[in-house]
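Quick note on the working numbering: the sequence shown kicks off at 3 and runs consecutively. For glycine and all other residues, C-beta sits at the position ideal for the given N, C-alpha and C. Notes follow the structure.
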Amino acid sequence: MKSKTQLEMEYGTCPKKRQARTDTIVKSLRDNYGHTLPDNKQYWAMCGRCSHEIGQLDDNCEPNQMIKSKLITPNQFHGVEIDPEIYEYNSNASQEMNWYLGDFHDVMAEYSNKHEFNPAIVNVDMVYMPKRGSSYFAKILQLLTTAKEAKEVILVGNFVMESRHWRSSIDDIIDGLEKQPCFQFSMHNGNWELGDQYYTYLGTGGDSTTMSTIIYHKG
Ligand SMILES: C[S@@+](CC[C@H](N)C(=O)[O-])C[C@H]1O[C@@H](n2cnc3c(N)ncnc32)[C@H](O)[C@@H]1O
Numbered sequence: 003m004k005s006k007t008q009l010e011m012e013y014g015t016c017p018k019k020r021q022a023r024t025d026t027i028v029k030s031l032r033d034n035y036g037h038t039l040p041d042n043k044q045y046w047a048m049c050g051r052c053s054h055e056i057g058q059l060d061d062n063c064e065p066n067q068m069i070k071s072k073l074i075t076p077n078q079f080h081g082v083e084i085d086p087e088i089y090e091y092n093s094n095a096s097q098e099m100n101w102y103l104g105d106f107h108d109v110m111a112e113y114s115n116k117h118e119f120n121p122a123i124v125n126v127d128m129v130y131m132p133k134r135g136s137s138y139f140a141k142i143l144q145l146l147t148t149a150k151e152a153k154e155v156i157l158v159g160n161f162v163m164e165s166r167h168w169r170s171s172i173d174d175i176i177d178g179l180e181k182q183p184c185f186q187f188s189m190h191n192g193n194w195e196l197g198d199q200y201y202t203y204l205g206t207g208g209d210s211t212t213m214s215t216i217i218y219h220k221g
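Here it is in structure tokens:
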């Protein structure tokens with residue numbers, strides 16, 4: 003079966019994705035902040051396509067799920083997308099949220115340089131396998147280690163573990179991270195702790211993709 007492109011993905015209609023967000027993001031935010039995030043805290047995500055009808059946000063897309071669970075208000079959501087067509091759909095769907103076109107790391111770095119960066123959570127929801135994903139994730143760890151405003155942060159990393167004939171394990175993620183200078187820097191200079199649970203779930207899109215989630219806490 004041919005895999006769907008990111009433009010074709012409908013994360014809002016996928017119960018597996020919704021459950022994975024509940025088990026990882028919603029749970030971590032509730033454990034740390036209770037019912038609702040403080041007003042000055044931001045929610046940053048590699049957001050994917052959140053609208054399939056022009057001018058309308060999908061039910062149960064990531065920001066909609068977080069708003070419905072009362073964790074955030076729309077203006078606390080900061081969604082970054084690298085695909086211009088997806089960004090166009092998202093930014094037409096709601097003016098209340100903050101949408102950006104660009105690379106997730108670079109957009110957050112820009113906001114940090116402007117002193118407008120105050121994340122409670124950063125969701126690095128990647129479509130990468132551990133080899134590429136660990137190097138990208140380590141870059142974000144370094145940014146959050148050096149960003150002064152990022153004092154208490156939950157950092158969520160999603161990796162593609164199994165796709166067609168490729169298969170990886172959690173050890174591949176951890177081994178991949180440990181090789182990265184950005185990761186070594188972050189572990190020495192930031193107060194990071196790796197959550198003691200990993201989550202694995204079936205991916206969205208009807209193929210045989212498996213995803214794994216790791217969660218770091220900076221405090
Ligand atoms: C797995 S989806 C996001 C799903 C969303 N977080 C959710 O919970 O429904 C990942 C999205 O990130 C986009 N993407 C991939 N690399 C990126 C990068 N370096 N910066 C920003 N977006 C990226 C992809 O085009 C894709 O739409």
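How is the beta strand (DSSP E) around residue i delimited, first residue to last?
| i | result |
| --- | --- |
| residue 196 | 194-196 |
| residue 220 | 212-220 |
| residue 201 | 201-204 |
Ligand 1 and residue i: does any heavy atom of the ligand fall closer than 7 Å to the residue's C-beta?
| i | result |
| --- | --- |
| residue 129 | yes |
| residue 28 | no |
| residue 47 | yes |
| residue 139 | no |
| residue 51 | yes |
| residue 105 | yes |
| residue 23 | yes |
| residue 158 | no |
| residue 60 | no |
| residue 126 | no |
| residue 184 | no |
| residue 85 | yes |
| residue 82 | yes |
Leaving out the 5 sequence neighbours to the left and right, which residues in its chain are closer than 8 Å to residue i when beta-carbon positions are compared?
| i | result |
| --- | --- |
| residue 42 | 120 |
| residue 206 | 11, 12, 13, 16, 18 and 19 |
| residue 66 | 14, 52, 59 and 60 |
Leaving out five residues before and five after residue i in sequence, what residues of the same chain have Cβ atoms less than 7 Å from its Cβ?
| i | result |
| --- | --- |
| residue 61 | 14 |
| residue 95 | 52, 53, 57, 58 and 59 |
| residue 168 | 131 |
In the DSSP assignment, find the alpha helix (DSSP H) that holds residue i and state where it starts and stops.
| i | result |
| --- | --- |
| residue 69 | 64-70 |
| residue 17 | 17-23 |
Could you pull out every residue in the same chain whose Cβ sits closer than 6 Å to the Cβ of residue i, ignoring the five residues on either side in sequence?
| i | result |
| --- | --- |
| residue 163 | 170, 212 and 214 |
| residue 74 | 39, 45 and 68 |
| residue 106 | 48 and 82 |
| residue 197 | 217 |
| residue 191 | 147 |
| residue 154 | 221 |
| residue 151 | 119 and 120 |
| residue 139 | 126 and 159 |
| residue 141 | 107 and 184 |
Start-end ranges of the alpha helix (DSSP H) lying completely within the segment 84-134, minimum 4 residues: 86-95 and 106-115
Completely contained beta strand (DSSP E) runs for the segment 132-187, where each covers 3 or more residues: 155-165
Would you list, in sequence order, the uninterrupted alpha helix (DSSP H) runs of no fewer than 4 residues that lie entirely inside the segment 27-56? 29-35
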